[in-house]
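To keep things clear, I will list the structure first and then write my remarks on it.
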DNA sequence: TAGCCCATGTAAGGAGTTACATGATTAG
DNA sequence: CTAATCATGTAACTCCTTACATGGGCTA
């Protein structure tokens, strides 16, 4: 078995699950949408695709369209879809929250299309719980250490806390949105 | 001339500017404070210190305390302090905002101690302006593309926007705090 | 025919990760 | 005496970055 894909790998796998693409198409997604902070450089995308193909998670076919340059279109293999699902369905750990919410949001972005609305709701509930327990520990840290820190340091930490609180508030809105969508 | 330090390099430089430390001390900072998402692994810290020393930004002295293992204490050279100041004082670009606010917050955390409150206020004003112009472009993107996106994708993007808005609100609070502090 | 977009790649190098290695000192 | 903590480091590996290379097809 090959090593687990990186975030970039999962991002590509998720996009390919939505619709089969060439490397160039995927680069355009990263270049033109503000959703993720991935690089659109060929030196990142093409090697990542090769790794995914080598690991058996995607498969590429050369498409020969008349009068256009050949492009290689990739789609997930059954194993790739499985790997994606298992990544998306993983329970949220404290570590995920500390490492940054970007990785979690990447997962969430693909969630209801691949695993269904139920899973998205589960994800939001887990994230909500994790944030509700994490924010107070940060506030506590700020309270006890504030004296040793310069004003800008305190404010920088507070900015992080406000970011987490905004995400917490967002989980509630998102849950409400799913409940409303479920009623239709 | 050596290549510019990485974020980790600047983080170490900033901490050393506040007070001279050994590699072990620096590792503890990363391990025990939730402020930054840097790794505390020796395989990251010690090579980074060596690079900084090699580039002439820091200098280390072996401290021989009786009955304790030798430790090597680093402090910035004049060139290192200059490099830190020039990094901290750099104007905020749109790219900085897109790449993620963590890098900007790292800069801000050291700002008023190294460059003074005036610079911190300048920084906050610039960030405020950049965010006020960035948030609407994201909202616009969400508005025009929402139809092509699954609910979870829309919500993931919205979570990013709310994060930026929280930061925007934070800049106002922080500016107010500096104004209040200036009056004393 | 010059320049631009499509489309795919490689090469060299930098930096971080995990895991391992080592040795001194202190606490139980 | 053993385990934990202090303290520094290296080795192998992976992945990303920047820059370069190539070549087809379209448009002015």
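Protein chains in written order, with my numbering: chain A, 250 to 433; chain B, 250 to 433.
Idealized CB from N, CA, C, for every residue including glycine.
Item, Value
"CB contact flag (residue 412 (chain A), residue 415 (chain B), <7 Å)", "yes"
"Backbone CA spacing between residue 277 (chain A) and residue 408 (chain A) [nearest angstrom]", "32 Å"
"Local Cβ density within 10 Å of residue 386 (chain A), reported as buried at 16 or more and exposed below that", "exposed"
"Residue 402 (chain B) to residue 357 (chain A) span [Cα, whole Å]", "7 Å"
"Residue interval of the beta strand (DSSP E) (run including residue 324 (chain A))", "320–325"
"Residue interval of the alpha helix (DSSP H) (run including residue 349 (chain A))", "First-last for residue 349 (chain A): undefined, no H or E at that position."
"Own chain, CB closer than 6 Å to residue 391 (chain B), minus 5 neighbours either side, in chain order", "406"
"Residue 325 (chain A) classed as buried or exposed, judged by whether at least 16 other C-beta atoms fall within 10 angstroms", "buried"
"Minimum Cβ-Cβ distance from residue 361 (chain B) to chain A less than 7 Å", "yes"
"Span separating the alpha-carbon of residue 285 (chain A) from that of residue 262 (chain A)", "14 Å"
"Selected residue, minimal CA-CA separation from residue 190 (chain B), among B:320, B:306 and B:346", "Residue 190 (chain B) is absent from the structure shown; chain B starts at 250 and stops at 433."
"Interface partners of residue 390 (chain B) on chain A, CB under 7 Å", "283"
"Whole-angstrom distance between residue 382 (chain A) and residue 393 (chain A), CA atom to CA atom", "18 Å"
"Identity of the residue in A:395, A:342 and A:334 nearest residue 254 (chain A) by Cα", "A:334"
"Nearest-angstrom Cβ-Cβ length linking residue 353 (chain A) and residue 423 (chain A), presumed shorter than 8 Å", "Not really, about 12 Å apart at Cβ, beyond 8 Å."
"Contact list for residue 260 (chain A) against chain B, beta-carbon separation under 9 Å", "The premise fails here: residue 260 (chain A) is roughly 12 Å from chain B at the closest Cβ pair, so nothing lies under 9 Å."
"Runs of beta strand (DSSP E) wholly within the segment 287–317 of chain B (minimum 3 residues, chain order)", "307–312"
"Within chain A, partners of residue 405 (chain B) - CB distance below 8 Å", "284, 354, 355, 357 and 358"
"Inter-residue CB distance, residue 355 (chain B) and residue 259 (chain B) (contact presumed, cutoff 8 Å)", "7 Å"
"Check whether residue 380 (chain B) and residue 417 (chain B) have beta carbons under 7 Å apart", "yes"
"Within chain B, the residues that residue 401 (chain A) reaches when beta carbons sit closer than 8 Å", "357, 358, 359, 360, 361, 362 and 369"
"Proximal chain A residues relative to residue 387 (chain B), where beta-carbon distance stays under 9 Å", "283"
"CA nearest to the CA of residue 267 (chain A), picked from B:397, B:375 and B:319", "B:397"
"Proximal chain A residues relative to residue 293 (chain B), where beta-carbon distance stays under 9 Å", "Simply none; closest approach about 15 Å."
"First and last residue of the uninterrupted alpha helix (DSSP H) at residue 380 (chain B)", "366–394"
"Chain B contact for residue 423 (chain A) (CB, 7 Å cutoff)", "yes"
"Residue(s) in a DSSP beta bridge with residue 271 (chain B)", "B:322"
"Reference residue 431 (chain A); option with closest CA among A:366, A:342 and A:298", "A:366"
"Cβ-Cβ separation, residue 294 (chain B) to residue 275 (chain B) (assumed contact under 8 Å), whole Å", "6 Å"
"8 Å Cβ shell around residue 338 (chain A) - same chain, five flanking residues per side excluded", "364 and 368"
"Under 7 Å between C-beta atoms of residue 251 (chain A) and residue 304 (chain A)", "yes"
"C-beta contact flag for residue 271 (chain A) and residue 346 (chain A) at 7 Å", "no"
"Where residue 344 (chain B) falls, given that 16 or more other Cβ within 10 Å makes a residue buried", "exposed"
"For residue 253 (chain A), three-class secondary structure by DSSP", "coil"
"From B:342, B:308 and B:351, residue whose alpha carbon lies closest to that of residue 283 (chain B)", "B:351"
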